[in-house]
Structures are given as C-alpha cells and as structure tokens.
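Just so you know, the first sequence maps onto residues 8 to 483 in the numbering used here.
Glycine residues also receive a C-beta, built at the ideal position from the N, C-alpha and C atoms.
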Amino acid sequence: MSLRLFNTYSREIEEFRPIADDGRTVKMYTCGPTVYSYAHIGNFRAYLFEDLLQRHLEARGYGVERVMNITDVDDKTIRGCQAAGVPLGDFTEPFKQGFFEDLGTLRIKRAQAFPEATDPRQIAAMIEMIRTLVSRGLAYQADDNSVYFRIKNFPAYGHLAHFNLDELQSTGRVKNDEYEKESIGDFALWKAWDEADGAVHWESPWGRGRPGWHIECSAMATQLLGDQLDIHCGGVDNIFPHHEAEIAQTEGCTGKQFVRYWLHCAHLMVDGQKMSKSLGNFHTLRDVLAKGYSGREVRYALLRVHYRAPLNFTFEGMQEARQSLTRIDDWIERLRARSADADGENGERSASSTREQADNDQFSRAFDDDLNISAALAVVFENIRETNRALDDGILAPAGARSWLEWWEKIDSVLAVTSDAAGIPADIATLVEARAQARLAKEWRKSDELRDQLAALGWGVRDSKEGQKLTRRAGA
RNA sequence: GGCGGGGUAGCCAAGUGGUAAGGCAGCGGUCUGCAAAACCGCUAUUCGUGGGUUCGAUUCCCGCCCCCGCCUCCA
C-alpha cells in the first residue's frame with residue numbers, strides 16, 4: 008500500500024510520489040522558528056509532526072533531504088535586540104542555541120541544513136530573486152522605497168488558501184498603513200530601512216533595508232533543495248499569507264511548480280484557545296520540563312493526536328502520556344528479561360512471535376494513511392497486551408521475546424519514545440538493598456515504608472519471584 | 001461575511017453502509033504478606049442536532065447549533 012497524504016493545495020488525500028527520478032529522494036522544506044525567544048510547545052508540535060513524517064518516510068525507504076530555516080531578522084528580533092541594547096546576532100544567538108537543545112530533548116531529527124536569514128549568501132540569493140521579480144513586472148519599488156510583490160500579476164495568488172482576494176476582510180492584526188502599495192494585498196519583498204531598524208540593514212539595488220519575511224524561505228528552499236520541492240510543511244497559520252507568498256515568489260522566478268505536497272498541522276490549544284505568544288497562554292518546553300516531565304513524555308503527548316486535529320494541551324494529558332509510556336517501558340523490560348533467559352529455547356513456541364512481520368505492516372500501514380497515529384498506537388498496544396498474555400502464560404520463548412524487541416525497534420525508529428534511563432542511582436540502590444533485608448526478615452512495615460520512600464523519589468518498586476523490580480515512574 | 005479544522009464513553013481518541021479500535025481514569029476478579037505490574041471481566045443500545053436516502057447510517061445527502069483557526073510578516 009502506498010503513502011497517502013492530505014495536500015492543503017487540493018484539500019484532498021493524495022498518493023505520495025516524489026519528483027526525483029530515482030523515486031526515493033524526498034526534498035522537504037519546513038518552516039522553522041523565529042529566534043526572538045524560546046519556542047513554545049505549540050511551535051514544537053509542528054516540528055514533531057514534521058519529524059514523524061520524516062521518520063516514516065525513512066522507514067518506508069525514502070531518503071529525506073530536509074531543510075529548516077531559522078528566521079533571525081524580523082520586527083520582533085529587531086525590537087528585542089534594541090530593548091536589550093545588543094547587536095542583533097548577540098540577541099538571537101541564545102535562542103538559536105536553545106532551539107537546538109530543545110530539538111535534542113524532543114528527539115527531533117536534525118535537518119541537513121538550518122539556513123539563517125541573515126547569512127550573507129542567503130541575503131544575496133533573496134536580492135537576486137527580487138531582482139528577477141522586478142524585471143518580470145511581478146514586483147515594484149514603491150514611494151516608501153520598499154519593494155512589493157504585485158499580486159495582480161500573479162493570478163494563482165490565493166489558490167493555496169482558497170481565498171477570493173476580493174472578499175478578504177482585515178482583522179486588524181497587521182497595521183494597514185502602507186498606502187504606498189498598489190494593492191492592499193501586495194506584500195513586502197524588501198523593506199526599506201527606517202530609524203526603528205537601527206543598525207540592522209543590508210545594501211541592495213533598492214537602497215539599504217532588510218528582506219521581507221516570505222522571501223527568505225523561497226530563497227533558502229531553492230538554494231538548498233532546487234526549484235521544486237516534494238513536501239513543504241508548517242502550521243496552518245502559515246498557509247496564508249506566508250506559504251501563499253512563497254508560491255508567488257518562487258514560481259514567479261522559476262516558472263515551475265514550487266511544491267507538490269503542502270502539509271499543515273493544526274494548532275496546539277490551551278484552555279480551548281490557540282497557544283500563542285501574543286495571548287500569553289503558552290508553555291515553553293523548559294516550563295514543562297521544570298514541572299518534572301521529560302522530553303520523551305512531551306514528545307509522546309504531542310504526537311499522540313493526529314496532526315490535522317487540534318490538540319488541547321493539559322497536564323492531565325501529560326500524566327496520561329506518562330502512564331502510557333510506563334506501560335510500554337514495563338513491557339520492554341519484561342521482554343528484555345525474557346530474551347536473556349537461557350532456558351526455554353527449545354520446545355516453547357509462541358503464536359505471537361510469528362506475527363512480527365504482519366504487525367509491523369499494520370503499524371506502517373496506519374502511518375501510510377496520512378500518518379494515522381491513533382490507529383498505529385492501537386496496533387502497538389494490542390500487541391503489548393497479546394505479548395504480556397503470552398509472557399504470563401509462560402509460552403513466549405526467549406527467541407520470541409527477542410523478535411518482539413526487534414519489532415519494537417522498528418516501531419521506535421518512527422515513534423522515538425523508548426526510555427533511555429540510565430542505571431539506578433546509588434541512593435536508590437541503598438534503599439532497595441535495605442528493603443531486601445527487611446523483606447528477608449519479614450519486616451513488612453519497614454518494607455512498606457521503604458517502598459513509599461522510593462515512590463516519593465519517583466521509583467516504582469514491585470516484588471516478583473526474582474526479587475524487587477524497579478521502574479522509574481517520573482521523568483526519564 | 002469568505003475559507004478551513006473539530007464536535008464519538010468521566011477524559012484523550014480511531015473507525016466502518018450492517019449494529020462502536022486503542023490509551024488514561026474507575027469498578028470487580030486472579031496473583032501478592034499487603035501492594036504494584038500483568039492478565040481476565042465490566043464501563044457509549046450510542047457517535048452535536050433536525051430531517052432525507054436505505055432493509056439498515058455514527059458512516060451518504062440537506063438544514064441547523066456549538067467550539068477553534070486563518071482572512072496580508074503567528075507553527
């Protein structure tokens with residue numbers, strides 16, 4: 008079965024076919040962060056969705072070439088650096104670092120390239136594109152010296168968002184004080200310098216200024232991936248105007264279809280509203296970590312809802328994610344223990360161990376269906392229950408356990424949620440040893456107190472025939 | 001007003017023209033010194049709402065209601 012994805016452009020589920028001759032290389036561009044502060048987990052929901060997409064494509068044998076831009080110059084970064092009284096680059100640097108740290112925490116695969124808008128080569132590429140657009144009558148310099156895209160000369164403008172440009176209403180979100188523009192819908196390609204920009208400016212054929220927001224993605228994408236991309240992703244709020252503008256700019260220059268599949272993820276909500284910096288209802292990843300949750304728990308919590316459905320963020324949801332992961336952790340632990348058993352190699356035969364291949368297909372097929380994460384997770388949990396049953400019944404051979412662990416490895420190459428918890432800390436081990444002694448002496452009261460103590464420290468302990476088993480219950 | 005997304009058990013959430021996956025929480029049982037974990041059983045005669053098509057609709061069609069987003073630099 009083939010991979011099918013919902014294309015915003017057509018508003019339909021389409022079969023995915025990359026443009027490359029080899030049929031295996033996928034060129035993917037993903038809109039990255041504006042580094043004027045730490046990204047919030049709503050931003051990361053988009054990056055996690057893209058990560059899931061990349062990982063599934065790779066699991067399906069595609070080679071993904073991905074680029075993610077870093078917007079390090081815009082109104083907000085300029086305002087921020089001036090408020091801080093430091094050069095633009097000094098202001099954005101910590102947020103760039105923080106962004107990469109957060110990607111690591113959430114186990115998001117790195118793109119091949121993270122081009123920055125202020126990179127001189129990228130600025131040069133943007134200027135070159137603008138020059139081409141001006142020469143073709145698709146852009147003009149207005150009386151305010153800024154250069155604007157002339158949307159009336161690009162009839163396809165509005166097709167991605169399915170907007171009829173005559174019916175647009177201003178929401179007042181952006182000030183419409185640009186009377187110099189020929190048409191209200193024309194957007195800036197190059198913004199002429201003014202005092203508010205301070206030391207932030209570059210030279211161009213139209214005078215000093217800085218690039219508009221949209222042009223950076225067009226320039227970077229074509230510079231690094233070529234004129235035509237397979238996939239371009241972002242949040243739904245990027246559909247208009249950002250991605251619409253990218254199409255106009257890029258196709259205005261190349262004359263070729265810019266992107267084959269446009270994928271957009273729905274918003275992360277808080278209290279029934281979109282999480283956003285301007286509403287002040289956001290959590291950064293750092294905020295959530297500070298409450299004791301781990302990166303993989305956040306990863307799971309943000310992945311477990313389909314990318315095109317709104318996801319309401321709550322700490323109850325975080326708790327649910329933690330519990331679900333604990334179920335997976337315990338299952339893996341049991342499989343590892345069983346796979347290491349020397350006995351039972353012969354004679355025992357598990358029905359479930361032979362279903363590995365089919366189940367793997369079920370999981371992948373769910374993902375093929377426009378990344379149906381819920382159906383995929385259902386496959387995981389159904390298999391967990393079946394394997395646990397076999398373990399309880401003592402009919403899962405060590406070889407069967409190993410084959411299930413191999414199955415999980417494949418699954419986890421996409422989900423990336425396996426615990427990487429290190430060993431047991433010394434202070435915990437001391438308590439466990441003390442409890443073992445108490446239990447030998449049948450001092451149940453003392454044993455129970457130590458169990459409570461361990462629980463308070465985030466370690467679940469349970470007693471089995473082989474002795475105490477420890478599970479980290481929080482974090483990790 | 002235009003264009004989209006969503007409304008399925010206490011919560012999260014799949015799904016199909018034939019009578020509702022999975023997770024979390026809860027209850028009962030097996031196991032246990034007691035627990036925990038695991039397993040077994042129970043927990044939506046019902047899928048926002050009113051019509052229509054149909055032998056049969058949560059699923060198809062029409063109308064309506066509610067929530068959320070975008071409508072010119074928000075992922």
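Discussion item. Considering Cα atoms alone, identify which of Y43, I134 and R128 is closest to P94.
Written reply: Y43
Worksheet item: What's the call for S190, buried or exposed, on a 16-neighbour Cβ count within 10 Å?
Response: exposed
Discussion item. Using the three-state DSSP reduction, which class does S471 fall into: helix, strand or coil?
Written reply: strand
Practice prompt. To the nearest angstrom, report how far apart E123 and Q230 are at their CA atoms.
Written response: 12 Å
Discussion item. Using a 10 Å radius around the Cβ and a threshold of 16 neighbouring Cβ atoms, would you call Q326 buried or exposed?
Written reply: exposed
Worksheet entry | Exposure of E437, with buried meaning 16 or more beta-carbon neighbours within 10 Å | Sequence check: residue 437 is Thr here, not Glu. With fewer than 16 other Cβ atoms within 10 Å, it is exposed.
Item to complete: Return helix, strand or coil for R345, following the three-state DSSP convention.
Response: helix
Fill in: Cβ contact check for the segment 69-76 and the segment 26-43: 3 or more pairs under 8 Å
yes
Discussion item. Quick check on this structure: which residue in Y314, V277, R343 and A146 has the alpha carbon closest to the alpha carbon of F320?
Written reply: V277
Worksheet item: Taking the DSSP output, what are the residues bridged to P218?
Response: W197
Worksheet item: Cα separation between L384 and H313?
Response: 11 Å
Worksheet item: Just how far apart, CA to CA, sit L64 and I418?
Response: 13 Å
Fill in: S359 burial status per 10 Å Cβ neighbour count (16 or more: buried)
Here the model assigns S359 a pLDDT of 46, short of 50, so the residue's position is not dependable and the matter cannot be decided.
Practice prompt. Under the assumption that S420 contacts R62 (Cβ atoms under 8 Å), give the Cβ distance between them as a whole number of angstroms.
Written response: 6 Å
Practice prompt. Please name the residue, chosen from C240, A132 and N160, that lies closest to R143 on a Cα-to-Cα basis.
Written response: N160
Practice prompt. Can you check DSSP and say which residues form a bridge with T2?
Written response: Outside the shown range of the chain (8 to 483) lies residue 2, about which nothing can therefore be said.
Worksheet entry | Endpoints, the alpha helix (DSSP H) within which H63 is located | I48 to A66
Discussion item. Does the structure place the segment 237-245 close enough to the segment 200-219 that three or more beta carbon pairs sit under 8 Å?
Written reply: no
Fill in: Local conformation of T425 per DSSP, three classes
coil
Worksheet item: Rounded to a whole number of angstroms, what is the C-alpha to C-alpha distance between D151 and A199?
Response: 7 Å
Item to complete: Could you check the C-alpha separation between E253 and C224 for me, to the nearest Å?
Response: 7 Å
Item to complete: Compare the Cα-Cα distances from R157 to each of R446, A168 and A195 and report the closest residue.
Response: A195
Worksheet item: Should F121 and I77 be called a contact, given that it needs their Cβ atoms to be closer than 7 Å?
Response: yes
Item to complete: Within the same chain, show all residues whose beta-carbon is closer than 6 Å to that of R303, passing over the 5 residues directly before and after it, in chain order.
Response: V424
Worksheet item: Does the separation of the CB atoms of R315 and A273 fall below 7 Å?
Response: yes
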